[in-house]
Amino acid sequence: MRHVCLLTDSPEPSGVGAHMLTLAAELRGRWRISLVAPAFEKYSALARQALRLELEVFRHEGDGAGGLESWLRQASVAILHVHAGVAWEGHGAVLAGRRAGVPIVVRTEHLPQLITTNDQRAEHRALVRQLDRLICVSDGVARSYVASGVPADWITVVRNGTRCVDAVPQRLGIPPELPLVLAVGRLTEQKGLDLLIDAAVELPGAQVVIVGEGPLEAELRAQIVERDLTDRVRLCGPRDDVAALLAGADALALPSQFEGLPLVALEAMSAGTPVVGTRVCGVEEVIVDGVTGRLVPPGDSSALARGLAEVIGSPALGAAWGEAGRRRHRESFTAARMGHETAAVYDDALRRSGPRRSRRGRVTPTRIGFVGAGVIANRHLANLLEFPDVEIAAVADPAEERARALAGRCGAAAYGDHESMIVRERLDALYICVPPYAHGAPELAAIEANLPFFVEKPLAADLETAETVACELEGRGLATGAGYHWRYLDVYEHARELLADNPARLALGYWLDATPPPSWWVQREHSGGQTVEQTTHVLDLARTLVGEVVSVYAVGARTERADRDGDIDDVSTATLQFETGAVGSVSSTCLLNWPHRIGLHTFSPSLVIELSEFELMVDVGRGRPVTPSQVDPFVLEDRDFVDAVQGKPNRIRTPYDDALRTHRLACAVDRSALEGRPLELDPAAGRA
20 MRHVCLLTDS PEPSGVGAHM LTLAAELRGR WRISLVAPAF EKYSALARQA LRLELEVFRH
80 EGDGAGGLES WLRQASVAIL HVHAGVAWEG HGAVLAGRRA GVPIVVRTEH LPQLITTNDQ
140 RAEHRALVRQ LDRLICVSDG VARSYVASGV PADWITVVRN GTRCVDAVPQ RLGIPPELPL
200 VLAVGRLTEQ KGLDLLIDAA VELPGAQVVI VGEGPLEAEL RAQIVERDLT DRVRLCGPRD
260 DVAALLAGAD ALALPSQFEG LPLVALEAMS AGTPVVGTRV CGVEEVIVDG VTGRLVPPGD
320 SSALARGLAE VIGSPALGAA WGEAGRRRHR ESFTAARMGH ETAAVYDDAL RRSGPRRSRR
380 GRVTPTRIGF VGAGVIANRH LANLLEFPDV EIAAVADPAE ERARALAGRC GAAAYGDHES
440 MIVRERLDAL YICVPPYAHG APELAAIEAN LPFFVEKPLA ADLETAETVA CELEGRGLAT
500 GAGYHWRYLD VYEHARELLA DNPARLALGY WLDATPPPSW WVQREHSGGQ TVEQTTHVLD
560 LARTLVGEVV SVYAVGARTE RADRDGDIDD VSTATLQFET GAVGSVSSTC LLNWPHRIGL
620 HTFSPSLVIE LSEFELMVDV GRGRPVTPSQ VDPFVLEDRD FVDAVQGKPN RIRTPYDDAL
680 RTHRLACAVD RSALEGRPLE LDPAAGRA
């Protein structure tokens, strides 16, 4: 059996822990299941219950990253399934799993996204990139993570499920003629139990029992005394007979501010008890209003009281809603269904996982071939050599001496042409790192061989070549990536978040630099010109941060130079009109002897952003704080491409078809300058 580890480091693992135990019971017939939690007293009950289920239990000290990593490696864990109560939990466990070489790492989010700072959002997105799958327990939870920037195709919704409640009703001595309203949960603000106490004032005939413990216990007890409800509202603390209490109650109250998908509501439905809850995330996916219970507005104690009065005031209605809830539980919320869907996530991740394994179980690395052996190829190769699941198999370059030099760094085969390399080598993917004029043939050869490929920008010296490649790619389903690495900067992510809330109205872009040394660079036929070869990065920033461009008008000029013989403009300026209504300009020069300024500045109401490849300045009128980038974007884009080739979730930020939109814009700017007239673009395609 494959070894599956269910892990939480949630400070209060009550609901998460119950979910994990239920899931373990459903999975253990097919998988070897271990439960892992910190060695703190609050986790003792969870560990004891796991041992009663005859599960393996490992309890690590503190955050336990080192001990956990060692245990994961020694225990030959095939799947690490981290359960997070809130979005900032479980990060260390995910990273420990990756360092330990666990093949599959899955994470379940049990609550909606509650992160409030940009730094935490960026940290969570970085964490998600380490996962093979992100599971959310409800559609509402999934929507909250998509809204925070997690791609929807990374997420699978597996709704919570519970076993059927089969218990002798328990009413704590409350006579059957007195309606019993039950609430179960942590005594925290999230659960809204102060609203239930206020609602009890409007339910003079009802008894209210609240089961649970938490930091608000003293406040809730004081509220009960203040409302003169000590004879009708009880705080009972944690109990082991919740199932019996649910079976004996006339209604379950669920006045939460938010939920993931509440287990207690599922258990109540299984017991045939109607539920009155707030219309918030998670709850509204469980209760069918007017069929299995009643949904009421959040934060409204009187509405909660009316909903409860409706059901406890009519035993016939309560019985009908309870029976409908029982049917709904059987149809949609069983533990067996949850276990089956979770196992399907595991199976899919295992099918997609890489690196592949040989029949003897040895890891088979992803074999990559390079077309081109220049400076940028060396940059990517250095990153790939650090990946344990990658092998550089071959290098092709018309300058065979250069191919041999690059191949010699990693024991790869050297070729003078890419055609021979593709035919003779068993490759999994290509890196195409050639000058602009050499694009086209390598990409088409890769497509013909059904090889995924990563291509360095620009896509070509002209537009026709790139359009031909895109046409051949269409419908092939090949993983592709393009080297617009700025999109992987953490400071780019921060800028995008800021502009999502306060869109730019003006953009100023610059590429003010020296002339690169290759002789082909100053020949339009070979490089496409500075806008196509260099400033395309700035245009890509403008597209993705400000919006698609609907018109361009550019002018350029060339200075006669004794040191360089060429025909490209060495100064140019383009005005841009964006689909959003914003306007901008992008200026380029290669007349300098040093890189003076490269980047994009945006201007929004009360917000100025200056983004470069190395840092971000955000000005809101209180100084000019600068945040340096903390990541290597080349490493991140290479890792995403390799993961996609291996069949893991495709997280490539710039696939070929999206890079083509930027290339179309760059070519339109260049054409406008050549023709001396404005050009309209189709924002849906970025085509002039």
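For the sequence shown, this note's numbering gives the first residue as 20, with consecutive numbering after it.
Even for Gly, the Cβ is constructed at its ideal location relative to N, Cα and C.
Exercise. Could you check the C-alpha separation between Leu235 and Gln242 for me, to the nearest Å?
Key: Each residue's Cα considered, the two are about 10 Å apart.
Quiz prompt | Straight-line Cα distance separating Glu632 from Trp613 | solution = Straight-line Cα distance between these residues: approximately 16 Å.
Quiz prompt | Exposure of Met39, with buried meaning 16 or more beta-carbon neighbours within 10 Å | solution = With 16 or more other Cβ atoms within 10 Å, it is buried.
Quiz prompt | Helix, strand or coil at Asp308 [DSSP, three-state] | solution = The answer is strand: DSSP assigns Asp308 an E or B state.
Quiz item: Alpha carbon to alpha carbon, how far is Leu446 from Pro668?
Solution: One C-alpha to the other measures close to 20 Å.
Quiz prompt | Member of Ser351, Val453, Asp509 and Val156 whose CA lies at the smallest distance from the CA of Arg144 | solution = Taking only the C-alpha atoms, the option nearest Arg144 is Asp509.
Quiz item: Would you call the segment 476–486 and the segment 415–427 touching, i.e. three or more CB-CB distances under 8 Å?
Solution: No: fewer than three Cβ pairs fall under 8 Å.
Quiz item: Among all the DSSP beta bridges, which residues are the ones paired with Leu570?
Solution: Inspection of the sequence shows that residue 570 is occupied by Ser rather than by Leu. For Ser570, which the question treats as bridged, DSSP gives the partners Gln596 and Glu699.
Exercise. May I have the straight-line CA-CA distance separating Gly603 from Arg182, to the nearest angstrom?
Key: A straight-line Cα-Cα distance of about 60 Å links Gly603 and Arg182.
Self-check item: Whole alpha helix (DSSP H) elements within the segment 236–290, 4-residue minimum
Solution: Counting only runs of 4 or more, we get 236–245, 261–267 and 282–289.
Self-check item: Buried or exposed by the 16-neighbour rule on C-beta atoms within 10 Å, applied to Met288
Solution: With a 10 Å radius around the Cβ and a threshold of 16 neighbouring Cβ atoms, Met288 comes out buried.
Self-check item: Pair within 9 Å by beta-carbon distance, Ile174 and Val203
Solution: Judged by their CB atoms, Ile174 and Val203 are not nearer to each other than the 9 Å cut-off.
Quiz item: Considering only C-alpha positions, which residue in the set Ala119, Arg140, Ser606 and Thr484 is nearest to Pro407?
Solution: Comparing Cα-Cα distances from Pro407 to each of Ala119, Arg140, Ser606 and Thr484, the minimum goes to Ala119.
Quiz prompt | Spatial neighbours of Ser351 in its chain, beta-carbon cut-off 8 Å, leaving aside the 5 residues before and after | solution = Excluding the 5 residues flanking it on each side, Ser351 has same chain C-beta neighbours closer than 8 Å at Arg178, in chain order.
Quiz item: Shortest alpha-carbon distance to Pro57 belongs to which of Phe77, Ala426 and Ala262?
Solution: It is Phe77 whose Cα lies nearest to the Cα of Pro57.
Self-check item: Under 9 Å between C-beta atoms of Arg616 and Leu531
Solution: Contact: yes.
Quiz item: What's the gap between the Cα of Ile149 and the Cα of Ala171?
Solution: The question names Ile, but residue 149 is Gln in the sequence shown. Whole-angstrom Cα-Cα distance: 16 Å.
Exercise. Give the straight-line distance between the Cα atoms of Asp701 and Ile671, rounded to the nearest whole angstrom.
Key: Rounded to the nearest angstrom, the two C-alpha atoms are 24 Å apart.
Quiz item: Below 9 Å between beta carbons: does that hold for Ala426 and Ala413?
Solution: A Cβ-Cβ contact shorter than 9 Å links Ala426 with Ala413.
Self-check item: Own chain, CB closer than 7 Å to His504, minus 5 neighbours either side, in chain order
Solution: These residues qualify, in order along the chain: Pro652, Phe653 and Glu656.
Quiz item: Counting along the chain, where does the alpha helix (DSSP H) carrying Met20 start and finish?
Solution: Here Met20 belongs to no alpha helix (DSSP H), and DSSP marks it neither H nor E.
Quiz item: What three-state label does DSSP hand Glu361 in the structure shown?
Solution: In the sequence as displayed, the identity of residue 361 is Thr instead of Glu. Looking at Thr361 - three-state DSSP - the assignment turns out to be helix.
Quiz item: Going by other Cβ atoms of all chains shown within 10 Å of its Cβ, with 16 needed for buried, is Ser95 buried or exposed?
Solution: The residue in question, Ser95, is exposed, as its Cβ has fewer than 16 Cβ neighbours within 10 Å.
Quiz item: Out of curiosity, what's the CA-to-CA distance linking Phe597 and Arg524?
Solution: Each residue's Cα considered, the two are about 9 Å apart.
Quiz item: Could you give the residue range of the alpha helix (DSSP H) that holds His1?
Solution: With the chain running from 20 to 707 in the structure shown, residue 1 is simply not present.
Quiz item: Which of the three DSSP states, helix, strand or coil, is assigned to Arg152?
Solution: Here Arg152 sits in strand by DSSP.
Quiz item: For the alpha helix (DSSP H) that Ser604 lies in, which residues bound it at each end?
Solution: Per DSSP, Ser604 belongs to no alpha helix (DSSP H); it is in the beta strand (DSSP E), Val602 to Leu611.
Quiz item: Can the beta-carbon of Val330 be found less than 9 Å from the beta-carbon of Val295?
Solution: Yes, Cβ-Cβ distance for Val330 and Val295 is below 9 Å.
Quiz prompt | Residue nearest to Thr499 in terms of C-alpha spacing, selected from Ala322, Ala268, Gln665 and Arg696 | solution = Ranking Ala322, Ala268, Gln665 and Arg696 by Cα distance to Thr499 puts Gln665 first.
Quiz item: Taking the beta strand (DSSP E) that His620 falls in, what are its first and last residues?
Solution: Run containing His620: Arg616 to Ser623, per the beta strand (DSSP E) assignment.
Quiz item: What's the call for Thr550, buried or exposed, on a 16-neighbour Cβ count within 10 Å?
Solution: By the neighbour-count definition (other C-beta atoms within 10 Å, threshold 16), Thr550 is a buried residue.
Self-check item: DSSP beta-bridge partners of Phe389
Solution: Checking the DSSP bridge columns, you'll see Phe389 partnered with Val414 and Tyr450.
Quiz item: Can you name the residues that DSSP bridges to Phe472?
Solution: For Phe472, which the question treats as bridged, DSSP gives the partners Leu449 and Thr499.
Quiz item: Near Ala343, which residues of its chain fall below 8 Å by C-beta distance, leaving aside the five closest residues on each side in sequence?
Solution: Contacts found: Val307, Val310 and Thr311.
Practice problem: Identify the continuous alpha helix (DSSP H) that holds Ile98 and give its terminal residues. | Solution: Counting along the chain, Ile98 falls outside any alpha helix (DSSP H), though it belongs to the beta strand (DSSP E) covering Ile98 to Ala103.
Self-check item: Ser591 in three-state terms, based on DSSP
Solution: In this structure, DSSP gives Ser591 an extended state, which the three-state scheme calls strand.
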